[in-house]
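In this note's numbering, the protein residues as written are 1 to 261.
Structure first, commentary second.
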Amino acid sequence: MNAESVLTEVRGRIGVLTINRPKQLNALDVPTLEHLEAGLARLEQDANVRVIMVTGAGDRAFVAGGDIADLNSRRGLAHYNEFAEIVHRVFRRFEESDKPTIGVINGWALGGGTELLLALDIRLVAEEAKLGLPEITLGLFPGAGGTQRLIRQIPLCRAKELMFTGDQITATEAVALGLCNRAMPRVELWNAALAMAERIADKSPLVLKLLKRNLRYGGEMPLGAALAHEQAMIGLVLDTNDAHEGCDAFLGKRTPAFKGN
């Protein structure tokens, strides 16, 4: 499904979601979030897709935040709550996807843009990009996961500084904070992200799914319970065709061909 505000594309084993509102700096409104959710669902259901990349159209913005003009033109608690519900639902769906996700941060990632990348697994960022949660400068609340995911991914004092001041940070600062994996010139970004996606797509889809689940569960449960969950994965994975294929390939000095079972 290719909706005007979100383009959904399959390139072999790689699925690509492009938020396509460059004139609005790819700002998010309810229809765009609905299209983003539908595109993600399509890629999740495609057995050939092993990795999902998310980016923004144009070279100015990844996602510049929520669509302030839209929110301001339709004032009322019902509309605000509708936006809050869908943005949380969609970002949580990215976070809980069994397929690895890569954020290709090609430009500004502000407000909802930073909150979206917080829900993605790996984030590669253009050196020209700026990131941050500037909601407070508009008298708004960073409520699309910003107050909760950010404090779980960077030091609390730095998270408070970003939210209290609304300051923007550079791509280099985002990498130093652990908010992004790697920064590079924009002209190199797409090829680098695609190469990483292909490297991940070579791996066992089953183990990637279990890794994502175990890492997520581990952050939400006590250490003892998380370790017990991890322990259970050892035998479960060793008894799979992918594990047998991987071991056979290693001993036979060949490249494994994982099937996801």
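Heads up, the beta-carbon is just placed ideally off N, CA and C, and yes, glycines get one too.
- [ ] Give the DSSP-derived three-state secondary structure of Glu9 in the structure shown.
- [x] strand
TODO: Using 8 Å as the cut-off, classify the Cβ of Phe62 as near or not near the heavy atoms of the ligand COA, replying yes or no.
DONE: Here there are no bound small molecules, and the ligand COA is not part of this structure.
Open item on the list: Is there a Cβ of chain C sitting closer than 9 Å to that of Gly260, yes or no?
Closed with: Here chain C cannot be found, since the structure has a single protein chain.
- [ ] Taking Asn261 as the reference, give the member of Glu230, Arg11, Glu96 and Ser204 with the closest Cα.
- [x] Ser204
Open item on the list: Ile14 and Val54 - do their beta-carbons sit closer together than 9 Å?
Closed with: no
TODO: Out of Gly235, Glu82, Gly146 and Ala225, state which residue places its alpha-carbon closest to the alpha-carbon of Lys160.
DONE: Gly146
TODO: Determine the DSSP secondary structure at Thr240, reduced to helix, strand or coil.
DONE: coil
TODO: Give the C-beta separation of Leu176 and Val125 to the nearest angstrom, bearing in mind that I take them to be a contact with Cβ-Cβ under 8 Å.
DONE: Note that residue 176 corresponds to Ala in the displayed sequence, not to Leu. Not really, about 12 Å apart at Cβ, beyond 8 Å.
Open item on the list: Please classify Thr8 as buried or exposed, where buried requires at least 16 other C-beta atoms within 10 Å of its C-beta.
Closed with: buried
Task: Sequence-distant residues of its chain with Cβ nearer than 6 Å to Ala183 (five each side left out) - done: Val125, Glu127, Ala171, Thr172 and Val175
- [ ] Measure the beta-carbon distance from Asp67 to Asp29 and round it to whole angstroms, keeping in mind my assumption that it falls under 8 Å.
- [x] 4 Å
Open item on the list: Please state whether the Cβ-Cβ distance between Leu140 and Leu110 is less than 9 Å.
Closed with: no
Task: Arg254, DSSP secondary structure in three states - done: coil
Task: Extent of the continuous beta strand (DSSP E) to which Lys130 belongs - done: Lys130 to Gly132
- [ ] Could you tell me whether the Cβ atoms of Leu133 and Val90 are closer together than 9 Å?
- [x] no
Task: Ile154, DSSP secondary structure in three states - done: coil
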